[in-house]
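Here the sequence shown stands for residues 584 to 1219, numbered as in the numbering used here.
We put the beta carbon where it would ideally sit given N, CA and C, even for glycine.
The next block holds one structure in the form of structure tokens; read it before the comments.
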Amino acid sequence: AWIINASIRDNILMGKPLDEALYRKALEVCCLGRDLKQMPAGDMTEIGEKGVNLSGGQRQRVSMARAVCSETDVYLLDDPLSALDARVAKQIFKKCISEHMRSSTVIFVTNRVEFVHSTDRIVVLEGGRVAGQGDYTTLLSESPAFRSIMSEQSASEGSSRGAETEEELVEEEDELYDVDLGGAQSGKDAKNAALIQKEEREEGSVNTKVIRGYIGAMGGTVVFGAIALMYVLVQCLRVLGTVWLGWWSEERLGSGYSVVFYLLVYTAIGVSEQVISLCNQFTVGFGGVWAAEELHSGMLGRLLYAPMQFYNSTPIGRVLNRFSKDMSDVDQNLVTMVTLFVRGMLQLFSALVVIGIGTYYTLAGFVPMMCGFYWTWRYFQETSRELKRMDSVARSPLYAHFSQCMGAGLVSIRSFGLESYMAGILANRMDAQVRFNLMLFSANRWLGIRLETLGGLMILACAVMAVVGKDVLSAATTGLVLTYALQITSLLNMCVRVASMAENSLNSVERIFAYGDVDVEEPRVASGEIKVITPPSDWPSTGHIQFDNVVATYRADLPPVLNGLSFTVAEREKVGIVGRTGAGKSSLLLTLFRIMELRSGRISIDSVDISKLSLHTLRSRLSIIPQEPVLFMGTI
């Protein structure tokens, strides 16, 4: 069954308008009434990706209800009753396939032969060929292959199964579910129904803890301090080279020095600047790689040890978003933006120093304009930062939708003709994400106009001051001052933009750190709250299992799936666990592996409390065949 991350009602209707009578009929013939009554918000309960909060039988019945609501002339049913127990399978075959679909053509593939006597025609396949076809009576008398299948089935069922009549199997009617067409639910029900937790985002400026964490990932304060020192030295040498040219043109050191002397000093300054700049770039490059590797490894390490409830409540799109777009920002943008910002700030500071030395009275006019720059940047950044965060959050549903449509989703999408519906959902999510990009571009245009205006005013003030002071300023000083004044506009523009982009890139670090702090399995062991014990090397040797008042839940804010469960399995005893779909059979096995931790109670195997064992020890000593097998890429 293919289930998407939406409510049960949305999974059944798949974009079709709600026909109350048909919808009620679909729930009834697919035996979903009792299940929906047990869910916190009924058919408006949100289902996680791949139906993680539904049992295998529930997923199959939701898929059947989707087929009923499609109202087609031909139904192709590929063994839909395989995950259902005998009682529910009989009900659905009788009420849904035999009665509700009686006016349609139904091709029903199955290996459960107890249903074939109720069909109009039977086709027996063997080795990819038709081994017999006809009605039930004809095939029993004429088809050896069919007789062999029926005799094997009869032998496996035994006499106890043969004693049950169809009436006894279907005597327990499913409860009717009252459909709330408004989909209204109380605040508490809505909270409980939301298996998928809303993706949270930080607000306000990036926390200094994030900046310190990134500096630590780069190599610590020593590496960061060396990078900062080299930036300062490079900028000092750059200014010194410009000043040296001014002294050379005015022969400030006197006429006794030759051109070769001035040229050699200028060359030495330039070579020193390039060597230090090269060392700085190497340090910054390697520091950025170290930081990205540290962040990636930290996030991956935590997610590999995260409990299953994290993945049950977190769409895969959010995880993919962290490892793709956020890591891309850290790999490619963050170091570049931080480097440009530091370099631009040093160049801006040196330009102001040079202008201040040449025409100190010009700085008085710069003060209000610098305040204007700062106010413009802060006003813009408050908007830009939040838009970037919302853009990151809006990107996750895109990945999630794309991933859930792949694989098994393609078959159902094409079979039910849902291409336009699913494409519409994708388009809406793309619109929601692109909307934030459009807002960011608009905000950047708003910023650009104001920065250009302020920069022009600063150049005007500097030029006016140079004209006013023409009698006291030399030509070299005036040229130097105007050269640096022309740089100020582009430098201020760059610094403001790059500061915004650097902080926005730090949002990616912030999001990666958030996943680097997710809860891990065995938190009480890691904190030293409980002490791990080491069982004997042959544990478990007898297989004596004791459940003592076990209460377990998939998440702290959800109702228990096992409530006060107590039973004992004797040594080497073979025990069958039976129950209706969704009764907790698979959940019981998960508690043995501590994939689902207990809220209260105790489980012991051979008198050893499994909560006091390390997960590696526990899981390496037990074995399981899961309800849904997992195969990895490779040979058998």
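Output yes or no for whether 8 Å exceeds the beta carbon distance between Val1079 and Phe1215.
The count along the sequence shown starts at 1 and reaches residue 1079 at position 496. The count along the sequence shown starts at 1 and reaches residue 1215 at position 632. Not a contact, by the Cβ cut-off of 8 Å.
By how many angstroms is the C-alpha of Leu887 removed from the C-alpha of His879?
As a position in the sequence shown, residue 879 is number 296, starting the count at 1. As a position in the sequence shown, residue 887 is number 304, starting the count at 1. His879 and Leu887: Cα-Cα distance of roughly 12 Å.
Starting from Asn895, follow the alpha helix (DSSP H) in both directions and report where the run begins and ends.
Against the sequence shown, residue 895 aligns to sequence position 312. First-last of the alpha helix (DSSP H) with Asn895: 891 to 896.
Quick check on DSSP: helix, strand or coil for Arg744?
As a working note, residue 744 is residue 161 in the sequence shown. Low confidence applies here, because Arg744 scores a pLDDT of 46, under 50, leaving its location unreliable and the question unanswered by this model.
Looking at the secondary structure, which residues open and close the alpha helix (DSSP H) in which Ile810 lies?
Numbered from its first residue, the sequence shown carries residue 810 at position 227. Run containing Ile810: 804 to 833, per the alpha helix (DSSP H) assignment.
Tell me the rounded alpha-carbon separation between Glu750 and Ala650.
Translated into positions along the sequence shown, residue 750 becomes position 167. Translated into positions along the sequence shown, residue 650 becomes position 67. Because the pLDDT at Glu750 is just 44, under 50, the model does not fix this residue reliably, and the value given afterwards should be weighed accordingly. Each residue's Cα considered, the two are about 26 Å apart.
Beta-carbon proximity list for Leu1181, same chain, < 8 Å, skipping 5 on both sides:
Counting from 1 along the sequence shown, the entry for residue 1181 is found at position 598. These residues qualify, in order along the chain: Val1133, Val1134, Ala1135, Thr1174, Ser1194.
Distance between Gly598 and Ser1124 (C-alpha atoms, nearest Å):
As a first step, residue 1124 is located in the sequence shown; it is residue number 541 there, counting from the start. As a first step, residue 598 is located in the sequence shown; it is residue number 15 there, counting from the start. Answer to the nearest angstrom: the Cα atoms are 55 Å apart.
Keeping to the same chain, check which residues put their C-beta closer than 7 Å to that of Ile852; ignore five residues upstream and five downstream.
As a working mapping, residue 852 is identified with position 269 in the sequence shown. Same-chain partners within the cutoff: Leu820, Leu823, Gly824, Trp827.
Please tell me whether Leu1198 and Glu1105 are closer than 8 Å, where the distance is taken between their beta carbons.
Here residue 1198 corresponds to residue number 615 of the sequence shown, with the count starting at 1. Here residue 1105 corresponds to residue number 522 of the sequence shown, with the count starting at 1. Result yes, Cβ atoms of Leu1198 and Glu1105 sit closer than 8 Å.
Consult DSSP for Arg1138 and reduce its assignment to one of helix, strand or coil.
The sequence position of residue 1138 within the sequence shown is 555, counting from 1. Three-state DSSP puts Arg1138 in coil, outside helix and strand.
Taking 8 Å as the cut-off, does the region 919 to 928 touch the region 1151 to 1164 (at least 3 CB pairs, one atom from each stretch)?
no
Of the residues Thr897, Pro1118, Ile810, which one's Cα is nearest the Cα of Gln864?
Numbered from its first residue, the sequence shown carries residue 864 at position 281. Taking only the C-alpha atoms, the option nearest Gln864 is Ile810.
Can you name the start and end residues of the alpha helix (DSSP H) that Arg617 belongs to?
Translated into positions along the sequence shown, residue 617 becomes position 34. 616 to 621 is the span of the alpha helix (DSSP H), which, as asked, contains Arg617.
Per-residue burial, Phe1024 [other beta carbons within 10 Å of its own, 16 or more giving buried]:
In the sequence shown, the residue the question calls residue 1024 occupies position 441. That one is exposed.
Is it the case that the Cβ atoms of Ser724 and Ser1169 are separated by a distance below 8 Å?
For the purposes of this step, residue 724 is taken as the residue at position 141 of the sequence shown. For the purposes of this step, residue 1169 is taken as the residue at position 586 of the sequence shown. No, these two residues do not count as a Cβ contact at 8 Å.
Taking the alpha-carbon positions, what's the Glu1211 to Glu632 distance?
Position 628 of the sequence shown, counted from the first residue, corresponds to residue 1211. Position 49 of the sequence shown, counted from the first residue, corresponds to residue 632. Glu1211 and Glu632: Cα-Cα distance of roughly 15 Å.
Assuming contact is defined by CB atoms lying nearer than 8 Å, are Leu1065 and Ala1046 in contact in what I supplied?
Within the sequence shown, residue 1065 is the residue found at index 482, counting from 1. Within the sequence shown, residue 1046 is the residue found at index 463, counting from 1. Closer than 8 Å, so yes.
When you compare each of Leu660, Val706, Ser665 to Ser687 by their alpha carbons, which one comes out closest?
The sequence position of residue 687 within the sequence shown is 104, counting from 1. Comparing Cα positions, the closest option is Leu660.
Can you tell me whether DSSP reads Thr1036 as helix, strand or coil?
The residue given as residue 1036 occupies position 453 in the sequence shown. Reduced to three states, the DSSP call for Thr1036 is helix.
Over what stretch of residues does the beta strand (DSSP E) that includes Asp593 continue unbroken?
The sequence position of residue 593 within the sequence shown is 10, counting from 1. Segment 591 to 596 is the alpha helix (DSSP H) holding Asp593; no beta strand (DSSP E) there.
Would you kindly check if the distance between the Cβ of Gly1039 and the Cβ of Ile1071 is under 8 Å?
Residue mapping note: residue 1071 aligns to position 488 of the sequence shown, counting from 1. Residue mapping note: residue 1039 aligns to position 456 of the sequence shown, counting from 1. Going by C-beta atoms, Ile1071 is not nearer than 8 Å to Gly1039.
What are the boundary residues of the beta strand (DSSP E) that includes Thr688?
In the sequence shown, counting from the first residue as 1, residue 688 sits at position 105. Where Thr688 is concerned, the enclosing beta strand (DSSP E) stretches over 688 to 692.
Mapping the DSSP letters down to three states, classify Asn636 as helix, strand or coil.
Along the sequence shown, one-based indexing puts residue 636 at 53. The answer is coil: DSSP assigns Asn636 none of H, G, I, E or B.
Could you check the C-alpha separation between Trp830 and Phe1019 for me, to the nearest Å?
Taking the first residue of the sequence shown as 1, we reach residue 830 at position 247. Taking the first residue of the sequence shown as 1, we reach residue 1019 at position 436. Answer to the nearest angstrom: the Cα atoms are 52 Å apart.
Look up Ser1149 in the DSSP assignment and say whether it is helix, strand or coil.
By 1-based counting over the sequence shown, the position of residue 1149 is 566. Strand, per DSSP.
Smallest Cα separation from Thr702: which of Glu682, Phe893, Arg712?
Numbered from 1 along the sequence shown, position 119 holds the residue referred to as residue 702. If we check each option's Cα against that of Thr702, Glu682 comes out closest.
Could you give the first and the last residue of the continuous alpha helix (DSSP H) run that contains Ser860?
Numbered from its first residue, the sequence shown carries residue 860 at position 277. Run containing Ser860: 842 to 887, per the alpha helix (DSSP H) assignment.
Classification of Ala776 by the beta-carbon crowding that lies within 10 angstroms, buried from 16 upward
For the purposes of this step, residue 776 is taken as residue 193 along the sequence shown, with counting starting at 1. Only weak support is given to the placement of Ala776: the predicted model assigns it a pLDDT of 41, under 50, and the value that follows is read from those uncertain coordinates. With 16 or more other Cβ atoms within 10 Å, it is buried.
Do Ala1015 and Ala977 have their C-beta atoms closer together than 8 Å?
In the sequence shown, the residue the question calls residue 1015 occupies position 432. In the sequence shown, the residue the question calls residue 977 occupies position 394. Yes, they are a contact pair.
Contact defined as beta carbons within less than 8 Å: I believe Asp662 pairs with Val699. What is the distance between those atoms, to the nearest angstrom?
One-based indexing of the sequence shown puts residue 662 at position 79. One-based indexing of the sequence shown puts residue 699 at position 116. Contact doesn't hold; Cβ gap of about 13 Å is too wide.
Would you call the region 617 to 629 and the region 665 to 680 touching, i.e. three or more CB-CB distances under 8 Å?
no
Could you tell me how far apart the beta carbons of Glu1086 and Val793 are, in whole angstroms, since I believe they sit closer than 8 Å?
Here the question's residue 1086 lines up with position 503 in the sequence shown. Here the question's residue 793 lines up with position 210 in the sequence shown. About 10 Å; that fails the 8 Å criterion.
Can you tell me which of Ser665, Arg642, Ser726, Met684 puts its alpha carbon nearest to the alpha carbon of Ser653?
Reading the sequence shown from its first residue, position 70 is the one you call residue 653. Here the closest residue by C-alpha is Met684.
As assigned by DSSP and simplified to three states, the class of Ala714
Walking along the sequence shown from the start, residue 714 turns up at place 131. Strand at Ala714.
Can the beta-carbon of Tyr814 be found less than 8 Å from the beta-carbon of Ala874?
Reading the sequence shown from its first residue, position 231 is the one you call residue 814. Reading the sequence shown from its first residue, position 291 is the one you call residue 874. No, these two residues do not count as a Cβ contact at 8 Å.
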